[in-house]
Every structure is written in structure tokens, then in C-alpha cells.
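> This is the structure I want to talk about, given as C-alpha cells.
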Amino acid sequence: EWEVLRGLRRAGVWKVGVQEWLETGQSRRVVSGIPRPEPFEYVLKRLIPNWHPAVAWRLSLYEMGAYTARVLGFNADADAFVMRMLDAMLDFSKRQVNRLEAFMEEFERRADTWSVSAPAGADAVELLTIHKAKGLEFPLVFVPWAQLDNPRLDPVWLDPRGMLGKGIDLPPSSLVSLSKFSSYDGLLDAVAQRWPAYGASVQQAVERASFDDANLLYVATTRAVDELWVYFDPKKGYGGWWKDYADSELQSGQARQPDEGLWAWGSSPVPGERGLPAASWNQSIVRNRDWTSTVRLARARDEEPEQRFGNALHAALERIRDPRDASTAAYAAAERHQLDAAERDRLVETLARAIKGPELQEWWSAQETYTERSLLHEGGVLRPDRIYRRADGRWVVADYKTGAPKPEHEAQVRQYAELLEPVLGERPLPVVLYLRETEILVHEFP
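Dropping the structure here:
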């Protein structure tokens, strides 16, 4: 409970001062003989009034994460870290099981190895090792702590058995690793005098390590296209060598020292002086803030023209949260469902008329909106077209139809309302919208 409270405050969801935060945390302590003032779920209800556990537990693992992110306010922008978390939840549910407890165990084991990668060419800072930088180039490169020695975390030991022959005086097994001999003056010579073969192996290991250091130095200092910045402490490790080299470069005018311990080579071009900008592309996206995508099972099937048009209309309406989304959503749905030119124009006109009509105006002022979200129940999975909470607080569950009204349409939305009542805490208003070419019919079933 304390970790949850601390996480909510750190993320900016619960905006309180230190005193209130600590007092709330102290109230959750288990003290013998003193009952807690209230269940923790009531505390969460005050902190996150729009998050409903009953709703979350009805959703799949991925949609539970998307729902929680939306309620916490993380969907204002497609935050890369939130998206990475949702990707991990989706991947786990497809590979393993669709259970939150199992995913949290996976998170505890592997979260430290997860990372967010920027797309190639992005205007961003990229952090990587020297080995990973081989073959790459960057406008500006910053090499920190250049004085550090290669730590050799995996020292190589020479096993003399079977190498020097039987009956030969062998060095003790407690000798330090090969790479450490270069750190002590005279030690390598003393060892080589008594055990020449062993000393030769040590010398080879030291030479290989020196060659590796030189290779890393070359890679680190040749990745910059315009400007190279190097920070080092001249009093530690390789800092003395760097200091001598940097001083000579400074005297020849090849380098400059912007600050203490910081040296720079080259210069970045003034904005506007660089050549043609790198190729870029714009992605046509809708303006809605529901940046999650819904995962569905699909199967190949033949569709009649009217059925294909209805499915395209559903797909377009699913993506619309703002009236300005209509055109983009229509063309995307037309391409996805392979509509011909006449069908596409019909779809665009139908959506344009629906968006402007008074029947859909309450959509744009809705406090919350969920489209095509799976609803689990004992009989299987249902997927209402649209669930939203109006500005007055009333929940509505709506289905779209393109054909003539039928009795089963009413039965369908009433079933949605019954299943959603324990989840939402109230019975939503069932509505069926018949989207005609010339009009929109709204049938409400209180």
C-alpha cells in the first residue's frame, strides 16, 4: 500500500504535500490492537475517483493497462515509457498467460533489462556503449569519464596443468589474474624469470588488453561528424595521458577547453548552415487521445458489399473522438476494408453528415469514451460499439447499425447494459443508432 501511495505521488497523479503524503502512509501501518480507519480501496477511490477495480478486472491484461493509463492521465501524449509497458503486457499475454499476477512476476524479474529505443534518425540523445557505437556516426558525441581503465570484469587465469609438463615447478594457484601483472612494477619480470612460459602468457594477455583499449579509444573518438566532447579527470587512471594529448591539441588550435575537465574538438554548424535536412516523413494520425489499439481475433471471410460498408463504418467510428478525425478515419477505414471509390465517397459523406448532426453532439463533450472494448461474461465475449459518460455523468452504451431496425438490436444493447451495470456502478442507457444515407435514427431504451 505504501509503494502504491509513493508511486502515485511520484508520478504526479496524487498531487499533495509531503506532510499529507506521510500522514496517509502512516495511517496504513499495521499496529497491534488498533484497527485501520478504512479499507485501502476507499483510499484509492479518493485518490483516483475515475478508476474502478470492477472495470479493470473485467478487461484483458493489455486493456487493463490501457484503461489504467487513461484514468491516470497518461494518455494525453503517447509517452514512450507507457507505450513500452503496454507493449510488454501485450507481448506477455500472447506468449504466456493473460493474468496480471503472472505479468507482475515477469516484471520483477526482467524490468531492469527493458529499454525504450528511439527510431533511427530521431532528434534525441542516444546513450550506448562504445562497442555498440561501432560503425555508427552522430553529429555530436560526448565521451564521459574517459580516464577510466577497462575494468576487465572477467579476468583470464592461466591453468598451468598440462601446459608446462609434468614434474615442472609450477606457480602457485593463488596468483592474481593475468591482466593485473601490468599494475605492479617488476612483478611480471620476477614471475617470468622463474616460470618463463607463464610469464609469456601474462605478457600476451596484457598486450591483448592494451590493443582492446586502443581499439575502444579509436571507436570512441571517431564517431563524431561535427563535434567531439570528452570529459576526464587528469588525476585518475588514463587522465594523465588525456591531459598531455589535450594540451598538445590545445596549443595547435585543434581543441578547446570549455570548462574544467571538459575538452572539445570540432564545432557544430550554425542552424541554417547545414545542408539539406535529413529525409523525414509525417504520419497522418487522428486527434483522439485514445492512442491504444484493440487486439482482436480475426478470420478470413467473404463479405457482401453492404456488410463490408457497415464494417468500414464501424472501424471509422471507432477511431473518432474529435469531429476533425472524421476524414482521416474514413479514408483509413476505406483502405483497410478495400472499398472502391464509390463506397469510399459514400463512407466519407455518411460520416460527415453524422458528425454534423445533433444526434452525435453529446459524443464530443463526453467525459470518458471507450470503443470496441471486450466485455467478458460467462457466455463468452461481447464488444459494444461505444461506451461513454455524458457531460451530465450518465453512462451510455451504444451500438451502430446501417440496416433497418430489428427487435434483436434492442435485446443486444439491453444485454450490454445489464452486464455493464455491476462494472460501472449504474445501469447505462442503452441506445441504438441507425446511420442512414439521409438521416440518423436514435432509439433509446430506458
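Just so you know, the sequence shown maps onto residues 49 to 494 in our numbering. Glycine is no exception: its CB is placed at the ideal position from the N, C-alpha and C atoms.
In this structure, how does DSSP classify G55 when only helix, strand and coil are distinguished?
Here G55 sits in helix by DSSP.
> Going by other Cβ atoms of all chains shown within 10 Å of its Cβ, with 16 needed for buried, is S141 buried or exposed?
Per the 10 Å Cβ criterion, buried.
> Let me check understanding here. Comparing Cα to Cα, which of S75, W99, E71 lies closest to V61?
Of the listed residues, the one whose Cα sits closest to V61 is W99.
> What are the boundary residues of the beta strand (DSSP E) that includes Y279?
Segment 272 to 279, the beta strand (DSSP E) holding Y279.
> Answer yes if the stretch 272 to 285 comes into contact with the stretch 302 to 317, meaning at least three C-beta pairs across the two stretches below 8 Å, and no otherwise.
The stretch 302 to 317 vs the stretch 272 to 285: in contact.
> In this structure, what does DSSP give as the bridge partners for P478?
In the DSSP output, where bridge partners are listed per residue, P478 has V445.
> Could you check whether A446 and D433 sit closer than 8 Å to each other, using their CB atoms as the reference points?
Yes; because the gap between Cβ atoms is below 8 Å, this pair is in contact.
> How many angstroms separate the CA atom of P470 from the CA atom of R58?
P470 and R58: Cα-Cα distance of roughly 32 Å.
> Please determine, among R118, A194, R367, the residue with the shortest C-alpha to C-alpha distance to Y286.
The candidate whose alpha carbon is nearest that of Y286 is A194.
> Would you decide whether M152 is buried or exposed? Buried here means 16 or more other CB atoms lie within 10 Å of its CB.
Result: exposed.
> Return yes when the Cβ of K182 is within less than 8 Å of the Cβ of V66, no when it is not.
Contact flag unset, no.
> Quick check: the stretch 401 to 420 against the stretch 435 to 444, are there 3 or more CB pairs under 8 Å?
Segments in contact, yes.
> Rounded to the nearest angstrom, how far is the Cβ of L107 from that of Y115, given a contact under 8 Å?
Their Cβ separation, rounded to whole angstroms, is 6 Å, which keeps L107 and Y115 in contact under 8 Å.
> Are at least three pairs of beta-carbons, each pair with one atom in the stretch 387 to 406 and one in the stretch 461 to 480, less than 8 Å apart?
They do not touch, by the three-pair rule.
> In or out: V164 buried (at least 16 other Cβ within 10 Å) or exposed?
So V164 counts as exposed.
> How many Å lie between A150 and R372 at the Cα?
Spanning the two alpha carbons is a distance of roughly 41 Å.
> Give the DSSP bridge partners of Y115, in chain order.
Bridge partners of Y115: none, in fact.
> Compare the Cα-Cα distances from L423 to each of E111, L265, A240, E71 and report the closest residue.
If we check each option's Cα against that of L423, E111 comes out closest.
> By the three-class DSSP mapping on this structure, what secondary structure does R431 have?
R431 falls in the coil class under three-state DSSP.
> DSSP on R335, reduced to helix/strand/coil?
Note on R335: pLDDT 43, under 50, position unreliable in the model; no value is reported.
> Does the beta-carbon of Y90 have 16 or more other beta-carbons within 10 angstroms, so that it is buried, or is it exposed?
When all chains shown are included, Y90 counts as exposed.
> From the DSSP output, in three-state form, read off T72 for me.
Looking at T72 - three-state DSSP - the assignment turns out to be helix.
> Between which two residues does the alpha helix (DSSP H) holding W26 run?
This structure cannot settle anything about residue 26, because the visible part of the chain is limited to 49 through 494.
> Between R256 and E49, what straight-line distance do the alpha-carbon atoms span, to the nearest angstrom?
The straight-line gap from Cα to Cα measures roughly 53 Å.
> Quick one: using the 10 Å Cβ neighbour count with 16 as the cut-off for buried, is E366 buried or exposed?
Classification for E366: buried.
> With respect to the beta strand (DSSP E) encompassing G495, which residues constitute its N-terminal and C-terminal limits?
Only positions 49 to 494 of the chain appear in this structure, which leaves residue 495 out of reach.
> Just grab the DSSP bridge partners of W311 for me.
In the DSSP output, where bridge partners are listed per residue, W311 has V278.
> Taking all protein chains shown into account, do 16 or more other C-beta atoms lie within 10 angstroms of the C-beta of L467, making it buried, or fewer, making it exposed?
Looking at its Cβ environment, which holds 16 or more other Cβ atoms inside 10 Å, L467 is buried.
> Looking at the secondary structure, which residues open and close the beta strand (DSSP E) in which L120 lies?
It is not in any beta strand (DSSP E) - L120 carries neither H nor E in the DSSP assignment.
> Using C-beta distances below 7 Å, list every residue in its chain close to A378, excluding the 5 sequence neighbours before and after it, in chain order.
If we look at A378 and ignore the five residues flanking it on each side, its Cβ neighbours are A364, L395, V396, L399.
> Cβ atoms of H385 and R495: under 8 Å apart, would you say?
Missing from the structure shown is residue 495; the chain here goes from 49 to 494 and no further.
> Are the Cβ atoms of A381 and A360 separated by less than 8 Å?
Against a cut-off of 8 Å, the Cβ pair of A360 and A381 comes out as a contact.
> Which of the three DSSP states is assigned to H48 in this structure?
This structure does not reach residue 48, given that the chain is present from 49 up to 494, and the question cannot be answered.
> Excluding five sequence neighbours on each side, which residues of the same chain lie with their C-beta closer than 6 Å to the C-beta of F88?
The answer, listed in chain order, is E49.
> Could you give the uninterrupted runs of the beta strand (DSSP E) lying entirely in the stretch 137 to 163, keeping only those of 3 residues or more?
DSSP runs (the beta strand (DSSP E)) wholly in the stretch 137 to 163: none.
> By the DSSP assignment, the alpha helix (DSSP H) with H362 in it spans what residues?
Note, H362: alpha helix (DSSP H), 353 to 366.
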